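The structure appears below as C-alpha cells.
Protein chains: 2
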Amino acid sequence: MGDVAVRAERSSVDKFALRRRELADAALAAVAQRGFAKTGLRDVAAQTALSLGSLHYYFDDKDDLIGQAIWQHKSECARRYDPIVESAQTGAELADRFGEEMSATLRDEADLHRLWYDLRNQALFDTGFRDTIISIDALLRDMVWSVVTRYAELEGRAPETDAVSAYAMFDGIFLNALIAYLRGDTGAVERIRVASVRLLTGTH
Amino acid sequence: MGDVAVRAERSSVDKFALRRRELADAALAAVAQRGFAKTGLRDVAAQTALSLGSLHYYFDDKDDLIGQAIWQHKSECARRYDPIVESAQTGAELADRFGEEMSATLRDEADLHRLWYDLRNQALFDTGFRDTIISIDALLRDMVWSVVTRYAELEGRAPETDAVSAYAMFDGIFLNALIAYLRGDTGAVERIRVASVRLLTGTH
DNA sequence: CAGAGATTTGGACGATTGACAAGGAAAATC
DNA sequence: GATTTTCCTTGTCAATCGTCCAAATCTCTG
C-alpha cells in the first residue's frame, strides 16, 4: 500500500478522495487525446488547475493515476445499461434500446473507447494497472451477460451462449466498429446499432 | 519518400532489401516482448548483429522499421490459410482445419498477436504506420472472407454475413481468447478452436 | 494570534529516448 | 592497386520522461 493510501486514511473527510477523482477525470481527458504512451504527466497537469508535483501528492505513480481514471470512467460506463435491462418490457424493446446505446456511445465517446482498448493492451505488457483492467473486463462481461440473459428471459428461451463468448462477440464487433469510425467511416455508427440488435436477437 | 527508399533504388541487387528484412525480423522479436512504446531502438539493435546507427541507415525512422516488421510478418500470417481453403474437400474438413490453425497460432505466437493488436491501437493515435496497419487489416478481412465464402460454397449455401461483419466476429473472439490466454487461462487454446468452428459453421 | 498540519509549487534529478553526424572499415569498381 | 562507393560504428545531441524534494502557501485548530 502506497503513501497515498495511508494519507487518505488520515483524512477524516474525503476531501482527499474528491480531489483524486477530479484529477483522474482530467487525466482521462488528457490521455484520451494522444494515448497512454505519448501522454506525459506534464500534459495531464496542464489540463488541471494543479501543478505537476501535486499529481504525486495524490497518486503514487502514473499507473495509479491512470488506473483510477479508467476505473471511475468504465465502472460508470458499464452501469449505463442497467436501466435498460430493468425497464424493458419486451425482447424487441430491450434489443432496440441496447443497440441504440451501443451506437450512441460509439459516436459520442469514441476517444474514450479508444483509450480503453489502448490501456487494455498495455496491461498485456505491464503489470502496472493490470488488476484494474481485469476488474473492468469482468464488469463489462457481466453487463453484456445481464443483457443477454434478460433478453432470453423476455423471449422465453435460454441463452445460446455463455458469458465469456457473448462478451467476446459484442466486444469484437464494437472494437471493429470503433476502428472503422475513427478511420473516418461514419457509417459505422449505424452499422454497430444494427449488428448489436442482430447479435442479441440471433437474427441472421 | 525518404533517403532510404532512394538508396534502395540505386542498389542494383537487393542486398539492401535483404538486410532490411533481416533487421525488421529482429525488430519484430524485440518489440513483441515489451511492446511498441517500451521498446527502444537500442533494444532492437541489441538483438541484432548490427549497431544502433545502422538502423537509421536502413530505415528512415522507428515507424518505418516497425511498419516493415509487422507487414512482412502479418502478410505471411494471412497467407497461412490459403492451402486450407484450396485443398479442403468438405465444409466440415475446412472448419476443422481452420479451427485447428486458429488454435495453434494462438498457442504458438501469442506474443506476436499481442504486438499486432498493440500496433493496430497505436495506429489509432499516430499516423506513423497507419497505412500499413490498414493494409494488413484489409488482408486479414479478405482472408476471413475467403474462408467463409469457401465454406458456404462447400455447404451449397450463401454466406450469412458480409466480409466486414465476419472479420469483426472472428477478430473479436480471437482477441478475447488471446487476452485470456496471456492472463494465464490455458483453456483458451481449446476454446478458440471450438468457437472458431462454431462461428464458421453457424452452429449454435 | 500562533502553531501544526495539509496542500501546492517550481525546480532539479538521473535515465532514456529518437535522431544524427563524422569518420573508419569493407567492398566494389576501374 | 588506387579510388570510389557502400556499409557500419561510436559518440553526441536536444528533448522528454517519471520521480522526488525543499520550501512556500494555505487551512484549520488550540
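Just so you know, the sequences run in chain order A and B. The first sequence begins at 1 in this note's numbering and counts up one residue at a time. The second sequence begins at 1001 in this note's numbering and counts up one residue at a time. Heads up, the beta-carbon is just placed ideally off N, CA and C, and yes, glycines get one too. Remember, it's a predicted structure, so these values are computed and weren't measured experimentally.
Helix, strand or coil at residue i according to DSSP, with G and I counted as helix
i	result
B/G1172	helix
B/D1137	helix
B/P1159	coil
A/K15	helix
B/K1038	coil
B/E1186	One detail in the question is off: residue 1186 of chain B reads as Thr in this sequence, not Glu. Coil, per DSSP.
A/A195	helix
A/D126	coil
A/D108	helix
B/T1090	coil
A/T48	coil
A/E9	For A/E9, the predicted model reports a pLDDT of 47, less than 50, meaning its position is unreliable; a value from the coordinates is still stated below. A/E9: helix per DSSP, three-state reduction.
A/A63	Sequence check: residue 63 of chain A is Asp here, not Ala. Reduced to three states, the DSSP call for A/D63 is helix.
B/G1099	helix
B/G1202	coil
A/R20	helix
Buried versus exposed call for residue i [16 or more other C-beta atoms within 10 Å across all chains shown]
i	result
B/S1087	exposed
A/S51	exposed
A/A138	exposed
B/L971	For chain B, the structure presents residues 1001 to 1204; residue 971 of chain B sits outside this window and is missing.
A/K15	exposed
A/V194	exposed
B/R1157	exposed
A/D142	exposed
B/A1188	buried
B/G1035	buried
B/A1049	exposed
A/D171	buried
B/R1080	exposed
Beta-carbon separation (whole angstroms), residue i vs residue j, contact threshold 8 Å
i	j	result
B/G1099	B/S1196	4 Å
A/V207	A/L200	Nothing can be reported for residue 207 of chain A, as the shown portion of chain A is limited to 1 through 204.
A/H73	A/L28	6 Å
A/I173	B/A1045	Contact flag wrong, Cβ pair sits at about 40 Å.
A/E178	A/L106	Here the sequence assigns Leu to residue 178 of chain A, which means Glu is not the residue at that position. About 6 Å separates the two Cβ atoms, so the contact holds.
A/E101	A/I84	7 Å
A/Y57	A/A95	The pair is not a contact, with the Cβ atoms about 48 Å apart (cut-off 8 Å).
B/L1119	B/A1078	Incorrect: roughly 15 Å between the Cβ atoms, too far for contact.
A/Q47	A/A26	5 Å
Inter-residue spacing [alpha-carbon to alpha-carbon] between residue i and residue j
i	j	result
A/A166	A/I192	15 Å
B/Y1117	A/N121	7 Å
B/A1069	A/T127	26 Å
B/G1202	B/I1066	37 Å
A/D63	A/A37	11 Å
B/F1129	A/L124	21 Å
B/R1042	B/L1112	20 Å
B/T1039	B/V1031	6 Å
A/A180	A/E22	32 Å
A/S103	A/E190	7 Å
A/L115	B/Q1033	22 Å
A/E93	A/W145	17 Å
B/R1097	B/L1154	14 Å
B/D1185	A/T161	19 Å
B/R1020	A/D82	53 Å
B/E1076	B/F1059	21 Å
B/P1159	A/R198	15 Å
B/W1071	A/R183	19 Å
B/D1061	A/Q89	57 Å
B/G1053	A/G53	37 Å
Any non-hydrogen atom of the ligand ADP within 7 Å of residue i CB
i	result
A/G172	Annotation note on the ligand ADP: not contained in the displayed structure, which lists no ligands.
(Q) Within 8 Å, do at least three Cβ pairs link the stretch 122-142 of chain A to the stretch 1122-1137 of chain B? (A) no
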